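Sequential numbering of the sequence shown, starting at 44, is according to our numbering. These notes concern the structure reproduced below.
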Amino acid sequence: MTPTPQVSSAVVVLTASRDAGAAPLPAATVPAALVATSSVYGQVVHPREQHPLGSLRDLVTGLTRGEPVTLPDGGDVSIVLDLGIEASGFVIVDLDAPAGTVVDVYGFEYIEGERRQETTAMDNTLRYRTRAGRQRYESPVRRGLRYLQLVVRREAAARGPVTLHEVAVRNSHYPIGQADQAGEFAASDSLLTEIWEMSRRTVIACMEDTFVDCPVYEQAFWVGDTYSSARFASSLFDVAPLIERSLRLVPGSKAQTPLLGSQVPSGWTNVIPAWTFFWVLACEQHARRTGDAAFAGGLLPEAVEALDAFAEHLDGNGLLSIEAWNLLDWAPMDQPNAGIVTHQNALFVMALDAAADLADLAGTGERTELAGALRARAETLRAAIATHLWSPEREAFIDAIHADGTRSEVISVQTQMFAHLAGVGSEPQRERTRALVVDPPSGLVQIGSPWMSIFRYDVLEAAGRADVALADLRRDYGAMIEAGAVTCWEMFPAPDRQWPTRSHCHAWSAAPASFLPAVVLGIRLLDGGTRVEIAPHPGELVWARGAVPLPGGGRVEVAWARDGAALDLQVAAPAGVEVTVREPVGYTTRVRLEDPPP
Numbered sequence: 044m045t046p047t048p049q050v051s052s053a054v055v056v057l058t059a060s061r062d063a064g065a066a067p068l069p070a071a072t073v074p075a076a077l078v079a080t081s082s083v084y085g086q087v088v089h090p091r092e093q094h095p096l097g098s099l100r101d102l103v104t105g106l107t108r109g110e111p112v113t114l115p116d117g118g119d120v121s122i123v124l125d126l127g128i129e130a131s132g133f134v135i136v137d138l139d140a141p142a143g144t145v146v147d148v149y150g151f152e153y154i155e156g157e158r159r160q161e162t163t164a165m166d167n168t169l170r171y172r173t174r175a176g177r178q179r180y181e182s183p184v185r186r187g188l189r190y191l192q193l194v195v196r197r198e199a200a201a202r203g204p205v206t207l208h209e210v211a212v213r214n215s216h217y218p219i220g221q222a223d224q225a226g227e228f229a230a231s232d233s234l235l236t237e238i239w240e241m242s243r244r245t246v247i248a249c250m251e252d253t254f255v256d257c258p259v260y261e262q263a264f265w266v267g268d269t270y271s272s273a274r275f276a277s278s279l280f281d282v283a284p285l286i287e288r289s290l291r292l293v294p295g296s297k298a299q300t301p302l303l304g305s306q307v308p309s310g311w312t313n314v315i316p317a318w319t320f321f322w323v324l325a326c327e328q329h330a331r332r333t334g335d336a337a338f339a340g341g342l343l344p345e346a347v348e349a350l351d352a353f354a355e356h357l358d359g360n361g362l363l364s365i366e367a368w369n370l371l372d373w374a375p376m377d378q379p380n381a382g383i384v385t386h387q388n389a390l391f392v393m394a395l396d397a398a399a400d401l402a403d404l405a406g407t408g409e410r411t412e413l414a415g416a417l418r419a420r421a422e423t424l425r426a427a428i429a430t431h432l433w434s435p436e437r438e439a440f441i442d443a444i445h446a447d448g449t450r451s452e453v454i455s456v457q458t459q460m461f462a463h464l465a466g467v468g469s470e471p472q473r474e475r476t477r478a479l480v481v482d483p484p485s486g487l488v489q490i491g492s493p494w495m496s497i498f499r500y501d502v503l504e505a506a507g508r509a510d511v512a513l514a515d516l517r518r519d520y521g522a523m524i525e526a527g528a529v530t531c532w533e534m535f536p537a538p539d540r541q542w543p544t545r546s547h548c549h550a551w552s553a554a555p556a557s558f559l560p561a562v563v564l565g566i567r568l569l570d571g572g573t574r575v576e577i578a579p580h581p582g583e584l585v586w587a588r589g590a591v592p593l594p595g596g597g598r599v600e601v602a603w604a605r606d607g608a609a610l611d612l613q614v615a616a617p618a619g620v621e622v623t624v625r626e627p628v629g630y631t632t633r634v635r636l637e638d639p640p641p
């Protein structure tokens, strides 16, 4: 469609046609007065000159108490408010001003000393031009922010007092239900309590009508993130409808690619193979947690169809060799966008096994035969990985074989971790990969983002080293809190980056939300929540208490306290839920089973 030249009094918005070959929809004309002709972001972030006004601090304090604040005359006035939380919602400005006053709003996430991290390439701004008098404006655009900068500009025709009555953000997220039905966690180590609460806030900020990666940047439903987001959210709230909606959206992208899109819905056709595999894992995870056979049966054909599409990219050695965005972690792994990438071959194995489990959950008959066929395919791929991607010299799995046949020199913790989780290799090989994950040598590429942590925690717990996982959790998430974080960062800090992370609120990083209740309290749901296993890990803690919601309502509550080697354990579960307690080794345990409070 060729745009028609327009006079400067209006801006033409070109509207795409609904279907190929259809007549284009009429163009919408927006009055030029409603369009900022200069960069609001640039003017806010890079002012020409600044003159600090000490009196503004008292004014801002008054504003936070809900008191009207009249701004000083003379020039533009800029104030920065710390909301104290990671807000995700709609900016509200209530003020009394002359007509033509310009109000700029900018949201960002992080301040370090005298420096602040701008939302580079993400103009997280709005501009509002006032009418005369008292008015209240609420932006219709969702924005994420912790810090809100408000700049009031008095143009020549807009002289007069400006009084602020309210500057706020209306938070908007998926409803989380009643507090007495939600997850809880607290422990004698207040740092663990604070880390769990930080994780909880992170998950809430990333739940909209789907899960989203973060409230500030993409605000997108990245398909691979769903596995961890759903896992963490399920330990906090009964959000089965949100999980199911999110997972059911994914097959719609097969109209763009049979491999399924990396983020949906989207006009950008992009494939990250690992993300599709994580989606299959997420489907199985949800079906197993809820015991929902209909859900399992409904998505099983879609999962198998996607896995079959990937099978078309197996090479002569039976390995997945594909040109795609072969991403796993924000780390210096060797994850080329063409060739054989070890971690996604391992994830392919895990996805085939997960699809087989979906078939088992869905029913009998043909689905039982399908489950067997899927497991046979997984076993064949396991053998191919062990044969072709193991380095006898390094005693580890290499990261990749490049498209030109060159074997990677890079060995990463992530690759060993997923090879181990996929059950790849002989018993000696598996013992070796376990050791490399439990105590990674410095020569290996280390985990680069918190979202990889939950998978390492899984390996550590299975190896009987929950103590190592808890120590790492305290170190990594404690460093975020020490830096002033209120939500979980997307990345771990790295020496080659100016800032510790890009996004300061990322759902994939909220591993403590599920790990702490599962390990410290020992709460494990089985058989769709009809059975519960309690196996606490006291470690160095004196006491801990909390709860995990059950699918469909209710929750399991656990509290324990220890005095030396004596452990007092209380468990409360709804009627009809079978409770099994596994007493921790080395403790004399007194167990009390109670009814939950009404």
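Positions of the beta carbon are idealized from the N, C-alpha and C atoms, including for glycine. Computed from a prediction, not measured in an experiment: that's the story for all the values here.
Identify the continuous alpha helix (DSSP H) that holds residue i and give its terminal residues.
i, result
"T458", "V456 to L464"
"T385", "T385 to A405"
"V323", "P316 to T333"
"V480", "E470 to V481"
"L169", "From DSSP, L169 is part of no alpha helix (DSSP H) but of the beta strand (DSSP E) over T168 to R172."
"V511", "A509 to E525"
"R420", "E409 to H431"
"V347", "A336 to A354"
For my contact list, residue i and residue j are in at a C-beta cut-off of 8 Å; report their separation, rounded to the angstrom.
i, j, result
"E533", "C249", "11 Å between Cβ atoms; not a contact."
"Q489", "A374", "7 Å"
"L350", "A398", "6 Å"
"T245", "A609", "No, T245 and A609 are not in contact; Cβ-Cβ is about 36 Å, not under 8 Å."
How long is the line joining the alpha carbons of residue i and residue j, rounded to whole angstroms?
i, j, result
"V453", "E422", "25 Å"
"L413", "A402", "7 Å"
"L642", "P536", "In this structure the chain extends from 44 to 641, so residue 642 is not present and cannot be described."
"L342", "T312", "22 Å"
"F461", "H386", "6 Å"
"P555", "V511", "14 Å"
"G623", "T236", "The sequence given here has Thr at residue 623, not Gly. Looking at the two C-alpha atoms, the distance is approximately 26 Å."
"E181", "I135", "4 Å"
"E345", "F275", "24 Å"
"A222", "I238", "19 Å"
"A76", "V146", "14 Å"
"G361", "E327", "25 Å"
"V50", "V120", "A caution first: V50 carries a pLDDT of 35, below 50, which makes its placement in the model too unreliable to give a value."
"H356", "P301", "12 Å"
"P141", "M241", "42 Å"
"L191", "S272", "27 Å"
"P48", "H89", "With a pLDDT of only 34 at P48, under 50, the local geometry of the prediction cannot be trusted, and no value is derived from it."
"R61", "Q299", "Because the pLDDT at R61 is just 42, under 50, the model does not fix this residue reliably, and the value given afterwards should be weighed accordingly. Going from the Cα of R61 to the Cα of Q299 covers about 16 Å."
"R450", "L424", "19 Å"
"R651", "V259", "Here the chain has residues from 44 to 641 only, and residue 651 is not among them."
"A602", "M495", "29 Å"
"F228", "V502", "23 Å"
By DSSP, does residue i sit in helix, in strand, or in coil?
i, result
"A53", "A caution first: A53 carries a pLDDT of 46, below 50, which makes its placement in the model too unreliable to give a value."
"W494", "helix"
"H445", "strand"
"W9", "Nothing can be reported for residue 9, as the shown portion of the chain is limited to 44 through 641."
"Q299", "coil"
"A553", "coil"
"V141", "Checking the sequence, you will find Pro at residue 141 rather than Val. Here P141 sits in coil by DSSP."
"S289", "helix"
"P592", "strand"
"P74", "strand"
"A618", "coil"
"Q86", "helix"
"E438", "coil"
"F280", "coil"
"V562", "helix"
"V502", "helix"
"A130", "strand"
"G572", "helix"
What residue does the beta strand (DSSP E) around residue i start on, and which one ends it?
i, result
"L569", "I566 to L569"
"Q178", "G176 to E181"
"Q613", "A609 to A615"
"L636", "T631 to E637"
"R158", "R158 to Q160"
"A602", "R598 to D606"
"E155", "Y153 to E155"
Of all Cβ atoms in chain D, is any one closer than 8 Å to the Cβ of residue i?
i, result
"W368", "Here there is only one protein chain, and chain D is not present."
Can you check the region 184–271 for any beta strand (DSSP E) of at least 3 residues that lies completely inside it and give the ranges in chain order?
With a minimum length of 3 residues, the continuous beta strand (DSSP E) runs that stay inside the region 184–271 are 186–196, 206–214 and 227–230.
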